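Inspection log for the structure reproduced underneath, given as structure tokens.
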């Protein structure tokens, strides 16, 4: 089998699992459903992902990477000013919340479903959340704000809180409310001359 066919099969499995796990949850989706929906043989799936846990971990990594790319490009498209980008973070998540397929944060969902805190997907979820934190911290640095680590950590609380709140209430106010609080934080961390 050619490398191209193998990588296409791997991509198909991963994309299918990503969609199914996000829509239904990892505990409600079995390997057989991933095989059926992806159109690959079970042996092919196990060649690429020796266990469901390997597949779950790869979904966390790939899903987080895709989301982060979308998130950063959306924020950067909204404004070029680093300080304004920090506020635009909440405009971007508002757009995410408006997506009819929105089911919350994939990393949070998976960590919530997995009982074992030592599961490799827990660690991968933390890595993906750290990537978002690092992007926000980078924006804070570019905006020359005081205590960029503190600001980034507090923005993560606002993002994650708004995400869970929107998933629960679907009221389209979560990102707006988080943006209001973020503006107050931003004022707090501006360098005083």
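Residue numbers (full-length UniProt numbering): 1 to 193. Backbone N, C-alpha and C fix where the C-beta goes; we use that ideal spot for every residue, glycine too. Bear in mind that the values here come from a model prediction, so they are computed numbers and not experimental data.
Comparing alpha carbon positions, the residue from 116, 185, 37 closest to residue 154 is 185.
Of 18, 106, 53, the smallest CA-CA separation from residue 38 is found for 18.
If you draw a straight line from the Cα of residue 75 to the Cα of residue 121, it is about 27 Å long.
Residue 143 sits buried, since 16 or more C-beta atoms from the chains shown fall within 10 Å of its C-beta.
The count of Cβ pairs closer than 8 Å, one atom from the stretch 116-132 and one from the stretch 173-188, stays below three, leaving the stretches out of contact. Contact between the stretch 50-68 and the stretch 127-142 is present, with at least three C-beta pairs closer than 8 Å.
The DSSP assignment places 120-142 as complete runs of the alpha helix (DSSP H) inside the stretch 113-153, in order along the chain (cut-off: 4 residues). In this structure, DSSP gives residue 155 a helical state, which the three-state scheme calls helix. Counting only the Cα atoms, residue 60 lies some 22 Å from residue 152.
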